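Chains as they are written, first to last, in our numbering: chain A, 41 to 696; chain B, 305 to 399.
Every residue gets a Cβ at the ideal spot worked out from N, C-alpha and C, and that includes glycine.
Note that the structure is predicted; figures quoted are calculated from it, not measured.
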Amino acid sequence: MEFFERFMVPHPSFLIYMSMVLIALVSIALVAVVTYFKLWGYLWREWFTTVDHKKIGIMYLITALLMLFRGGVDAVMLRYQLSMPENAFLTAQHYNEVFTTHGVVMILFMAMPFITFFFNFLVPLQIGARDVAFPRLNLISFWLFFMGAMLFNLSFVIGGSPDAGWTSYFPLADNEFSTSVGTNYYMIAIQIAGIGTLITGINFITTIMKMRAPGMTLFKMPMFTWSALIANLIIVFAFPVLTVALAMGAMDRLFDTKFFAIGDGGMDMLWANLFWVWGHPEVYILILPAFGLFSEIIPTFARRNLYGYNAMVWSMILISVLSFTVWTHHFFTMGQGAMTNSIFSITTMLIAIPTGIKIFNWLFTLYKGKIVMTTPMLYSMHFIPLFTLGGVTGVMLAMSAADYQYHNTMFLVAHFHNVIIPGVVYAMLAGLTFYWPKMFGFMLNERIGKATVWVMSTGFVLAFIPMYITGLDGQARRMYTYSEATGFTTLNMVSFIGAAIMAVSFGMLVWNIWYSFKNSPRNIGSDPWNARGLEWATHTPIPSYNFAITPDVTNASSEAFWDMKKNGVEIFKGDIKKIHMPNYSGLPFVMGVFFFILGFAMIFSMWIVAIIGLIGVLGCMVYRTFEKDEGFYIPEEEVKATEKKYEEMYKKRGDK
Amino acid sequence: MAKFFPIGQVMGFVFSLVLTFVALLVYFTDMSMKTGMIVLLVTAFLQAGLQFMIFMHAGETKDKWSIYSNIAYGFGLVIITVLGTLLILLWDMDM
């Protein structure tokens with residue numbers, strides 16, 4: 041019995057027991073449904089072992105949407121707890137756990153896979169490649185990320201959630217003050233997912249540098265690919281810092297080392313320092329692909345090319361360098377002198393310049409454009425003003441002297457949600473709506489889509505603008521309750537209503553997917569938006585080899601498909617030849633499972649199991665070393681037959 | 305004949321041995337902390353550069369521009385991060 045006691049939740053409540061029951065029921069139901077419809081073989085053959093970048097992308101997307109739901113439920117719980125003074129819905133401990141997991145899940149397990157979905161789905165198509173540079177490694181990335189995410193989500197029913205904030209500052213995160221295994225989950229689950237992300241970074245830099253279509257120079261790449269290149273570059277330089285910090289933190293907790301402990305020569309402030317050396321670039325890892333997506337969507341629906349391509353690229357390069365020089369602004373109040381704070385204040389404000397350049401370029405793209413207000417465009421139009429508001433409050437926070445006033449208040453919380461939601465989340469949903477027909481062959485309903493945008497923005501403004509005010513009035517962040525005398529009640533109630541409205545908009549998004557799946561016409565061809573980039577030059581649904589003939593963009597611009605459509609530039613030259621493709625493999629999944637076992641065992645200090653997991657991981661690597669895998673060829677006839685099938689399908693459906 | 309004899313690699317090997325020997329001097333002779341650290345840092349970076357250029361073939365392919373700029377970028381970031389950390393936690397910390 042003693043052995044099993046470690047798996048108990050230290051602070052159980054009715055809500056947690058209910059979630060346990062729900063998790064068990066949903067898992068049983070899932071297994072039952074898959075078994076009933078005999079889908080295990082299909083899932084294994086077509087999805088779990090796939091190295092196709094499009095399918096891996098879709099698996100990232102599904103995980104991201106699930107995590108958006110989970111993080112969203114956390115958010116509504118937090119807002120409900122604060123909607124009334126002295127509310128007893130959550131205890132202090134439970135509240136700590138909920139805001140910690142909300143932060144981690146939303147940043148690392150929602151936003152990260154969402155952008156990785158776009159990297160996977162779009163980059164090879166935009167550069168005219170058949171897959172990424174290392175397709176098998178790409179699948180390993182996915183499974184590591186997925187296992188990390190599942191491990192983290194297990195925490196609240198087995199052993200207890202992390203409760204030291206998503207920043208997990210030491211000394212609070214050390215054994216002395218965080219006694220449950222919760223923070224072990226934090227250290228290890230993020231580590232596993234982080235390794236996956238690092239691998240993704242290397243994979244995509246290589247893909248973009250080495251696999252571009254003939255004639256595509258760096259300055260002819262589509263804007264999203266540029267943003268992906270820069271974001272992956274930041275990943276490769278920033279994530280190792282997180283890896284090291286998490287490893288040191290895990291050792292402090294599991295092996296009693298003293299890197300961040302207060303006594304014995306440890307330095308707790310070093311954790312905050314290392315965390316934000318990674319953490320600030322991470323912000324740009326998320327926002328740059330979002331900018332890239334807006335740069336694809338806005339020209340498409342302004343019906344003109346992007347204003348200032350070179351300025352856009354150079355501002356991203358500048359952001360990538362500057363993003364590594366500002367991390368101190370997250371802890372201006374830690375105790376370093378005014379000189380240090382001034383230096384980092386200035387570097388922080390400098391970032392506003394390239395970001396401002398980008399905003400103006402989008403505005404100039406709209407100027408004299410023939411704007412078509414579709415759902416993705418509506419998201420973009422809401423993004424520009426709302427994001428600018430977040431940027432301006434960011435510059436307010438950047439002033440270190442002023443920051444002493446609103447450090448760790450709701451003002452900060454309002455600021456970063458104000459950049460992340462209209463910036464990252466809107467971009468993801470706009471991109472999702474925009475590329476939905478390319479993925480699934482039907483469009484999302486425009487009326488429901490536009491209504492969703494309006495409901496979401498209404499909810500957003502109601503939820504977060506009040507926080508600016510209560511923050512300036514002194515409501516501290518992470519405070520689980522407050523007295524009526526503070527006068528925060530009304531604004532927090534408004535904020536809760538806003539959060540509830542945002543939850544409704546998420547429901548509308550899900551409803552839209554279902555409704556459109558049922559009702560949308562399927563004869564939409566392969567270019568329903570009258571789009572511009574190379575990714576639209578292939579069929580829908582996209583064949584496994586992407587392009588029957590490798591595109592040649594020597595005579596085209598960065599908007600190769602537009603040049604082909606409107607200016608008659610020929611980009612598919614030559615004949616169909618046999619196509620070399622990578623083999624599917626089950627090894628990455630197996631490796632992911634071993635990583636899960638290793639991680640789970642380490643969290644609970646079960647060393648024998650951990651060693652077994654580690655041997656499994658290493659064994660997979662050794663097996664791979666001796667495995668011969670040279671891929672396979674799709675014969676010329678088969679490619680021709682597939683292409684012919686598409687022609688017949690278009691004719692039969694009467695596509696435009 | 306020059307093509308058949310890898311003169312660059314042999315010289316590189318000799319030079320890397322020399323650098324190792326110079327670094328060892330720090331241990332075997334009685335240098336001050338300061339001189340010792342300088343010798344170690346200089347030889348370490350020369351050694352890394354040498355290995356990178358000669359034995360990891362950094363400059364031999366068409367993409368050498370991207371390899372070098374990548375290294376320069378990483379180098380710059382490391383210097384910023386280390387100096388920034390020292391500034392925050394040691395040089396400018398009121399403790």
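Would you give the residue range spanned by the alpha helix (DSSP H) that residue i belongs to?
i, result
"Y331 (chain B)", "I311 to F332"
"N350 (chain A)", "Y349 to L362"
"T252 (chain A)", "Strictly speaking, residue 252 (chain A) in this sequence is Arg, with Thr absent from that position. Here R252 (chain A) belongs to no alpha helix (DSSP H), and DSSP marks it neither H nor E."
"R344 (chain A)", "Careful: R344 (chain A) lies outside any alpha helix (DSSP H) and carries neither H nor E."
"D443 (chain A)", "S440 to Y446"
"I648 (chain A)", "W647 to F666"
"G289 (chain A)", "M263 to F295"
"L472 (chain A)", "Y466 to F480"
"E137 (chain A)", "A132 to V144"
"T594 (chain A)", "Segment: none, T594 (chain A) is in no alpha helix (DSSP H) and carries neither H nor E."
"N160 (chain A)", "M152 to Q166"
"N178 (chain A)", "P175 to L194"
"K338 (chain B)", "M337 to L354"
"F299 (chain A)", "Element bounds for F299 (chain A): n/a, residue is neither H nor E."
Keeping to the same chain, check which residues put their C-beta closer than 7 Å to that of residue i; ignore five residues upstream and five downstream.
i, result
"I397 (chain A)", "A351 and S355"
"L638 (chain A)", "A650, G653, L654 and V657"
"L282 (chain A)", "G234 and W318"
"Y624 (chain A)", "T89, T90 and V91"
Is residue i close to chain A? Criterion is C-beta to C-beta, closer than 8 Å.
i, result
"S370 (chain B)", "yes"
"D398 (chain B)", "yes"
"L328 (chain B)", "no"
"L321 (chain B)", "no"
"G363 (chain B)", "no"
"L387 (chain B)", "no"
"L390 (chain B)", "no"
"I375 (chain B)", "no"
"I384 (chain B)", "yes"
I'd like to confirm the pairing. Which residues does DSSP put opposite residue i in its beta bridges?
i, result
"Y673 (chain A)", "A:H620"
"Q376 (chain A)", "B:M397"
"T89 (chain A)", "None; T89 (chain A) has no bridge partner."
"A516 (chain A)", "A:T449"
Within its chain, find whatever has a CB closer than 6 Å to the CB of residue i; leave out the 5 residues flanking it on each side and keep chain order.
i, result
"A213 (chain A)", "A204 and T223"
"F154 (chain A)", "A104 and M468"
"S201 (chain A)", "E137, T141, S195 and G222"
"N381 (chain A)", "F372 and S440"
"L406 (chain A)", "A342"
"N570 (chain A)", "none"
"W266 (chain A)", "V353"
"Y686 (chain A)", "H579"
"V316 (chain A)", "Per the sequence presented here, residue 316 (chain A) reads as Trp, with Val not at that position. Contacts found: W367 and H370."
"G97 (chain A)", "F157, N160 and F161"
"G694 (chain A)", "N563"
How about residue i: is its C-beta nearer than 8 Å to some C-beta of chain B?
i, result
"G205 (chain A)", "no"
"V317 (chain A)", "yes"
"L502 (chain A)", "no"
"Q376 (chain A)", "yes"
"M261 (chain A)", "no"
"N313 (chain A)", "yes"
"M146 (chain A)", "no"
"L362 (chain A)", "no"
"M288 (chain A)", "no"
"T433 (chain A)", "no"
"M227 (chain A)", "no"
"M356 (chain A)", "no"
"T373 (chain A)", "no"
With a cut-off of 8 Å, does the C-beta of residue i fall near any C-beta of chain D?
i, result
"T333 (chain B)", "Included in the structure are the protein chains A and B, with no chain D among them."
Is it the case that the CB of residue i approaches a heavy atom of the ligand HEM more closely than 7 Å?
i, result
"W84 (chain A)", "Judged by which ligands are present, the structure shown has none, so any question about the ligand HEM falls away."
Using a Cβ-Cβ cutoff of less than 8 Å, which residues in the same chain neighbour residue i once the five nearest sequence positions on both sides are dropped?
i, result
"F359 (chain B)", "Q313 and G316"
**OP:** Indicate whether the contact test is met: 3 or more Cβ pairs, each with one atom in the stretch 586–594 of chain A and one in the stretch 145–161 of chain A, closer than 8 Å.
**Re:** no
Original post:
How about the stretch 648–664 of chain A and the stretch 627–634 of chain A: do they share at least three Cβ pairs that are nearer than 8 Å?
Top reply: yes
Original post:
At a cut of 8 Å, does the stretch 561–581 of chain A reach the stretch 492–503 of chain A through at least three beta carbon pairs?
Top reply: no
Original post:
Touching or not, the stretch 351–369 of chain B and the stretch 314–330 of chain B, by the rule of three or more beta carbon pairs under 8 Å?
Top reply: yes
Original post:
Looking at C-beta atoms only, is the number of pairs between the stretch 249–269 of chain A and the stretch 305–312 of chain A that lie closer than 8 Å three or more?
Top reply: no
Original post:
Any contact of the stretch 291–301 of chain A with the stretch 329–341 of chain A, i.e. 3+ C-beta pairs under 8 Å?
Top reply: no
Original post:
Can at least three beta-carbon pairs, one atom from the stretch 383–396 of chain A and one from the stretch 436–455 of chain A, be found at a separation below 8 Å?
Top reply: yes
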